[in-house]
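Residue numbers (full-length UniProt numbering), protein chains in the order written: chain A, 1 to 396; chain B, 1 to 428. Where is the CB? At the ideal position from N, CA and C, for every residue including glycine. Note that the coordinates shown come from a computational prediction; the quantities given were computed from them, not determined experimentally. Note sheet for the following structure.
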């Protein structure tokens, strides 16, 4: 069972770098070659929307699946990215010095000072990259330093999403209220009504998503990635070894926020609207559902889960407009009941059933408590919860 | 020990991820493939320069119904869908439109603006419908507007709204502000009310409506003694009602939506106010909602709409009877339902006048098309695509129905930007 034999017998096509390159190539062929060729403009734009949601999922996979932080409020970062981009597009449509229509309709007819910098495309892009990550880092430091974790962190992040949505609705004069921001005509100077430019947006989204997956893959296999898993599974032991778990968590949380922000920023031009309904508690949970169904601790589970759930929602609601929600509910129940580690665990189950002789004695589940997809992970989660409860109890 | 187990673990993970990838990639591919075949030539047609792909060659014509059948708005929007279905059934039974039977493509907007935008695009580019009927909230309409404009298709929107909009691709068959809010205020002014308190849910319609009411009050020597907003779904009205009571208001203008009305009217009753002394004019409570709030809590209160089930006309008698026959004796009819029913007939009138399902031809023909609706005769204004409607102030009766106690002098011409009112200058 030693690692040495494993390495020696690994065929070239199973080596890490080759497989990453291969995976990227397959994804590129599917997203850049096959999808645009077989899908109509409408379906391609829909896929672009799903890819934007998948970006949030990639971040959640890192923070929740690998880092054990149940991030129930990613809508906040998604929304910040989305509103920044949307506001830039509104200001650009209004022309230099112009006032976007919603500010004239609901507001005082002037652009508030703090929206002004977003007239610049450079500032907008920088803000989208920096603001969500920065806010998450600050928040993470404040929270993780105090060793807030488990359900307490989840509730906190969800409350944040609720507060953010209420703030957007309440500040109708400067945010557009429940209507949100919509009716964008151009994206950095490209006419959004032109199907070619919509296609370009899809390619941007696909490229960004692949880049994100590669980043996460590199992180997962780095020393930092191992540390993150270690913090998830035994935070106190990591602390005793001399690491500060708070810092480890903050990095993953900030990266997840950054990915969510970018997802939101691309979502606005792809869908043509961003409103409080896309950033509150319900969409925040929606992001999580895809990740859970796909398999949260795996690299591709979150992405594929997010895309598959969104696609299923659209497909089912088109086929059965009046009772599609029942199918959706049934799917969730089935996954939670029979595949608690998501669809990614199907692979493990299948391999275990096949019972590869070389693997079976090597791989008794009990020796790998945190291996994703194995049933003991559930026990581990219970251990988690107990841990968190104890910690919280101490700090209460 | 750690160094030995870690590489093994990552290998396992990798294999797992790959198999999951293959599985889901196959899933996604088959899904996308399926979507395409279902579309056939439709997709390519819309790709070539946004030309209409509506098929007018057969003996049927497709139209789309897009209402929320799930989510928070489903309870309201399902009633609109029901009356749209009734209108389509009637039209088909009477020979269709230009001899073609209506074929309905139904979609669920799921109470989410982004879903409305997505489904609208699907109806236009994949299903190639000639027109879409539906939408309720302002946010759903705002989300759909760019889709209908860029695809150059038609939306018929059946709900009263906050005005300040006129898209060439939307026909608004509900009231705009000068057909509902302003008549409501006119009525209060006629009754000699001088101190009005505003209460509303925190979203676009109440805030815009109150902006207009404030301007109206200033010009008409009425004092606005308070303006309060509650989040949608809010149910604790003790503070707001106390403010209302101590403000010395002699009337209330209520733009609360949904469940909040139950809590508001209970609290209003609790502190001892009555419809005789401080009447509440509501613009979001119709027959459908009265039962939910409880007749006891709102009896004698006022509403401002353009239709009630009790409107006396032969057309309304037929409509109410047909609706009850199809959906049951206990189902009331309300303003948005009637406006949706009317919208389908107005579209039929426009198509028949134009002699074509073509969008440009319909826009050209729209002006002056009229229909003897259950609410009275309505006429399309070709400039702003709204319709002339009669305003009715109603009083809620002990039987849960609403009875008109005041009506405007005939249909009011729609004026979404309030250009005909001096005091409204600078609002839009």
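A residue is called buried when at least 16 other Cβ atoms come within 10 angstroms of its Cβ; residue 248 of chain B does not meet this threshold and is exposed.
Beta-bridge partners assigned by DSSP to residue 302 of chain B: B/281, B/395. When C-alpha distances from residue 77 of chain B are compared across B/262, B/419, B/62, B/116, the shortest belongs to B/116.
Using a CB distance cut-off of 8 Å, residue 239 of chain B does not count as an interface residue toward chain A. Taking 8 Å as the CB threshold, residue 414 of chain B stays off the interface with chain A.
Spatial neighbours of residue 197 of chain B in its own chain (CB-CB distance under 7 Å, excluding positions within 5 residues in sequence) are listed in chain order as 225, 226, 244, 247, 249, 252. For residue 203 of chain B, the neighbours in chain A by C-beta distance under 9 Å run, in chain order, 169, 172, 177, 178, 179.
For residue 229 of chain B, the CB contacts under 6 Å within the same chain, skipping 5 residues up- and downstream, are 200, 202 in chain order. In the DSSP assignment, no residue is bridged to residue 313 of chain A. Beta bridge pairing from DSSP links residue 63 of chain B with B/104. Relative to the Cα of residue 191 of chain B, the nearest Cα in the group B/349, B/79, B/281 belongs to B/281.
Annotated three-state conformation of residue 91 of chain B is helix, per DSSP. Unbroken alpha helix (DSSP H) stretches of 4 residues or longer found wholly inside the segment 96-158 of chain B: 113-121, 138-151, given in chain order.
If you draw a straight line from the Cα of residue 186 of chain B to the Cα of residue 291 of chain B, it comes to about 27 Å. At a cut-off of 8 Å between beta-carbon atoms, residue 118 of chain B makes contact with chain A. Going by DSSP, residue 228 of chain B is part of the beta strand (DSSP E) stretching over 223-230. Using a Cβ-Cβ cut-off of 8 Å, residue 164 of chain B is close to 105 of chain A, given in chain order. Out of B/422, B/359, B/86, B/390, the CA that lies nearest to the CA of residue 179 of chain B is found in B/390. Taking each of B/104, B/69, B/164 in turn and checking the Cα distance to residue 60 of chain B, the smallest one comes out for B/104. Near chain B, meaning a CB-to-CB distance below 7 Å, the residues of the segment 251-274 of chain A are 271, 272, 273. Residues of chain B whose Cβ lies closer than 8 Å to the Cβ of residue 62 of chain A do not exist; the shortest such Cβ separation is about 14 Å. Taking 4 residues as the minimum length, the alpha helix (DSSP H) runs contained wholly in the segment 352-395 of chain B are 359-365, in order along the chain. Counting C-beta pairs with one atom in each stretch, the segment 182-190 of chain A and the segment 77-93 of chain A have three or more that are closer than 8 Å, which means they touch.
Residue 196 of chain B has B/224, B/251 as its beta-bridge partners, per DSSP.
Note that the C-beta distance between residue 82 of chain A and residue 211 of chain A is not below 8 Å. Contact with chain A is absent for residue 98 of chain B, since none of that chain's Cβ atoms lies less than 8 Å from the residue's Cβ. Assignment of residue 415 of chain B by DSSP, reduced to helix, strand and coil, places it in the coil class.
The three-state reading of DSSP puts residue 191 of chain A in strand, counting E and B together. Under the 8 Å Cβ criterion, the segment 218-235 of chain A does not count as touching the segment 275-289 of chain A, having fewer than three qualifying pairs.
Between the alpha carbons of residue 329 of chain B and residue 299 of chain A lies a distance of about 57 Å.
Per DSSP, residue 307 of chain B is not a residue of any beta strand (DSSP E), being assigned neither H nor E.
In the DSSP assignment, residue 246 of chain B falls within the alpha helix (DSSP H) that extends over 238-246. In the displayed model, residue 169 of chain B falls within coil according to three-state DSSP, outside both helix and strand. Spanning the alpha carbons of residue 369 of chain B and residue 337 of chain A requires a straight line of approximately 58 Å.
Under a criterion of Cβ atoms nearer than 9 Å, the residues of chain A adjacent to residue 145 of chain B are, in order, 182, 183. For residue 260 of chain B, the enclosing alpha helix (DSSP H) has its first and last residue at 260-270.
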